[in-house]
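Asks: Residue numbers (the UniProt record's numbering): 1 to 464. Note that the Cβ used here is the ideal one computed from N, Cα and C, for glycine as well. In this text the structure is predicted, and so the values were computed from the model without any measurement. I am attaching a structure below and will ask some questions about it afterwards.
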Ligand SMILES: Nc1ncnc2c1ncn2[C@@H]1O[C@H](COP(=O)(O)OP(=O)(O)OP(=O)(O)O)[C@@H](O)[C@H]1O
Ligand SMILES: [Mg+2]
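Have a look at this one:
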C-alpha cells in the first residue's frame, strides 16, 4: 500500500501522465489526498469527502462524485422542502383549531405529531445557487480572431515559437497549451498588441470586445481594499451590489474590507476575475485563470465560462479544466502550432496515435536491417553449428581413446598379478614399462579431452 499526499503538485504534464499510468497498474492499494480533478478522475475508484464534521463516502471517481453529490443534495433539498411544507401545514392547523372546542382534539393530536417529528436539518450547500457569470454587453461577429503565420519572441534573432496559426470563431473555447517558457503568455500579449509579433499578425473580427486576464495578476492595485478595487472601475455601483457580485465568487463579507496586498493568491485571482466579469466583454482572453484557485473556485469559474454566451481563448496546464471547457486545443512548440479539434482527452488520443505511427515508422526501418542481420546471422549460425559438431566429434573420439587406454591399463594390471609374472622379474619389468606408457598416454589424452570439453561447452553456450 502506498500513501500519497498531493502527488501531482508541481509535476509537468509528461511526468503526470507517467505517474498516472504507473498508479493505474500498481499491484497494491493506494491512499491519496489530491486537489487535481483530472488525476482524481483517472486514478481513484473511491472518494471520501471530508468536511468539519464528517466524511462522506463515494464509490466512484471525480466526475461520478460530482454527479452523485449533486443528486444527493437535490434529494436532501427535496426531502427538506417537503417536510417544511408538512410542518407548516400541521402548524397552521394547530394554530387555527387548538382553541376551537370541536376540533381541539385533532389539533392536539397534530401538535403531538409535530413534537415527535424528526425534523430534517437544512442541507449543506445553497439551494438558490449563487451565480457568478460573464455576460457580454453585445454579441461579436462570427469571426473573432485570426492568427496567421505568427512568430513570437522578444528579440528578432531569437524567435521563441512559430509559425503559429489558428482561428477563433464565435462561441469557441480554445485552449492554448505548451511547455513552460515556450511563449504562450507572450503569444497572448502579442495578440493583444502589448508587444509586437516577430513575424505574422493577428486580426480581430467585427464588434469584438476583448477582456484580458493576466497570469501574473498585475492589474490590481495592492493599496486598494477589495471593495475599492471594484469601486475604482464602477464608482456608481451600490455597495450591496458590489457585495453580492463578490459573494458570487466566494468572497466572504469579512474579506471585502481587506487590502489587496493582504489577499491570498486565490483571492486575488477571484477579485481579478470578478472585475473582468463586470466589464461585460464578449471575448475573454485568459492566461492560466485556474492557477491559484481551489477546486470550488475552479468549478465556479468553469461553470461561468461554460454558460458564457461569448468566446474564450485561454492558456492552461489544468487538464480537467481544459477537458471540461475546450472545444479546440492549440499546442504550441518552438517549431509552431498544431490545432486539435477537441478537448484534452481528444488531444491525448491524437498524440498517442501520432506517437504510435512514428514508432511504427521508426520500427519499419530497423526491421529491414534486422532482416539482413537475420540473414547473416543465419549463415553465421550454420557455420557455428558445423564447428560445434566438429569439436563434439573430437571430444567423442578422445573419450573413446580414454576408454581403450583404461581397458589396456586394466589388462596390464591384471597380467601383473598372474603367478608366473609375479615369479618372473623380467616379465614383470616389461609389463611395468608398458603400464607406464599407457598411463602417460592416458594423461596426455585426458588433458586434450579436458581442453576440448571446455571449448565445446563455451561454443555450445555461444550458439544457443
Ligand atoms: N519582457 C521580456 N523580455 C525578454 N524575455 C522575456 C520577457 N518576458 C518573458 N520573457 C521570456 O520569454 C520566454 C517565454 O515566456 P512566456 O511567459 O511567454 O512563457 P509561457 O509559455 O507563458 O510559460 P508558462 O507556462 O511558464 O506561463 C521565457 O523564457 C521568458 O523568460
Ligand atoms: Mg505563461
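Whose C-alpha, out of 58, 114, 384, is nearest the C-alpha of residue 87?
Replies: 114
Asks: Can you tell me whether DSSP reads residue 193 as helix, strand or coil?
Replies: coil
Asks: Going by DSSP, which residues form a beta bridge with residue 94?
Replies: Looking at the DSSP assignment, residue 94 forms no beta bridge with any residue, so it has no partner.
Asks: Kindly examine ligand 1 and report whether one of its heavy atoms sits closer than 7 Å to the Cβ of residue 48.
Replies: Not one heavy atom of ligand 1 lies closer than 7 Å to the C-beta of residue 48.
Asks: Do you know offhand how far residue 224's Cα is from residue 355's?
Replies: Looking at the two C-alpha atoms, the distance is approximately 51 Å.
Asks: Can you tell me whether residue 134 is helix, strand or coil according to DSSP?
Replies: If DSSP states are grouped into helix, strand and coil, residue 134 belongs with coil.
Asks: What's the call for residue 129, buried or exposed, on a 16-neighbour Cβ count within 10 Å?
Replies: Unreliable positioning characterises residue 129 in this predicted model, as indicated by a pLDDT of 47, which lies under 50. A coordinate reading is not provided.
Asks: Taking all protein chains shown into account, decide if residue 180 is buried (16 or more other Cβ within 10 angstroms of its Cβ) or exposed.
Replies: exposed
Asks: Going by C-alpha to C-alpha distance, which of 402, 388, 323 sits closest to residue 438?
Replies: 402
Asks: Who are residue 57's beta bridge partners in DSSP?
Replies: 48
Asks: To the nearest angstrom, how far is the alpha carbon of residue 436 from that of residue 420?
Replies: 21 Å
Asks: Tell me the rounded alpha-carbon separation between residue 38 and residue 72.
Replies: 22 Å
Asks: For residue 347, I'd like the list of residues in its chain whose CB is within less than 6 Å of its CB, leaving aside the five on either flank, ordered along the chain.
Replies: 329, 340
Asks: Given 7 Å as the limit, tell me if residue 287 has its C-beta closer than that to any heavy atom belonging to ligand 4.
Replies: Ligand 4 is absent from the structure shown, which contains only ligand 1 and ligand 2.
Asks: Would a C-beta distance cut-off of 8 Å place residue 210 and residue 285 closer than the cut-off?
Replies: yes
Asks: Rounded to the nearest angstrom, what separates residue 66 and residue 229 at their Cα positions?
Replies: 34 Å
Asks: With DSSP as the reference, identify every bridge partner of residue 176, one or two as the case may be.
Replies: DSSP lists 315, 330 as partners of residue 176.
Asks: Terminal residues of the continuous alpha helix (DSSP H) containing residue 463?
Replies: 425-463
Asks: Suppose you measure from the CA of residue 4 to the CA of residue 35; what does that come to, to the nearest Å?
Replies: 12 Å
Asks: Mind checking whether the beta-carbon of residue 186 lies closer than 7 Å to any heavy atom of ligand 1?
Replies: At least one heavy atom of ligand 1 falls within 7 Å of the beta-carbon of residue 186.
Asks: Could you check whether the region 190-200 touches the region 145-152, counting it as contact only if at least three pairs of C-beta atoms, one from each stretch, sit closer than 8 Å?
Replies: yes
Asks: What number of angstroms, rounded off, separates the C-alpha of residue 292 from the C-alpha of residue 301?
Replies: 12 Å
Asks: Determine the direct distance from the alpha carbon of residue 206 to that of residue 313, and round the result to whole angstroms.
Replies: 17 Å
Asks: Look at residue 175 and residue 322 and say whether their C-beta atoms are less than 8 Å apart.
Replies: yes
Asks: Assuming residue 166 and residue 337 form a contact by the criterion Cβ under 8 Å, report the distance between their Cβ atoms to the nearest whole angstrom.
Replies: Contact holds; Cβ gap of about 6 Å.
Asks: To the nearest angstrom, how far is the alpha carbon of residue 214 from that of residue 121?
Replies: 43 Å
Asks: Can you give me the Cβ contacts of residue 459 inside the same chain, cut-off strictly under 8 Å, excluding the 5 residues immediately before and after it?
Replies: 384, 387, 388, 391
Asks: Could you tell me if the beta carbon of residue 315 falls within a distance shorter than 7 Å of some heavy atom in ligand 2?
Replies: yes
Asks: Expressed to the nearest angstrom, what Euclidean distance is found between the alpha-carbon atoms of residue 465 and residue 27?
Replies: In the structure displayed, the chain extends from 1 to 464; residue 465 sits before or after that span and is not available.
Asks: Would you tell me roughly how many angstroms separate the C-alpha atoms of residue 14 and residue 21, rounded to the nearest one?
Replies: Rounded to the nearest whole angstrom, the C-alpha separation of residue 14 and residue 21 is 11 Å.
Asks: CA-CA distance, residue 222 and residue 359?
Replies: 52 Å
Asks: Alpha carbon to alpha carbon, how far is residue 43 from residue 70?
Replies: 22 Å
Asks: At the level of alpha carbons, what is the spacing between residue 277 and residue 63?
Replies: 27 Å
Asks: Taking all protein chains shown into account, decide if residue 270 is buried (16 or more other Cβ within 10 angstroms of its Cβ) or exposed.
Replies: buried
Asks: If we ignore side chains and look at the alpha-carbon of each, how far apart do residue 99 and residue 240 end up?
Replies: Taking the CA atoms as reference points, residue 99 sits about 45 Å from residue 240.
Asks: Which residues does DSSP list as the beta-bridge partners of residue 204?
Replies: 145
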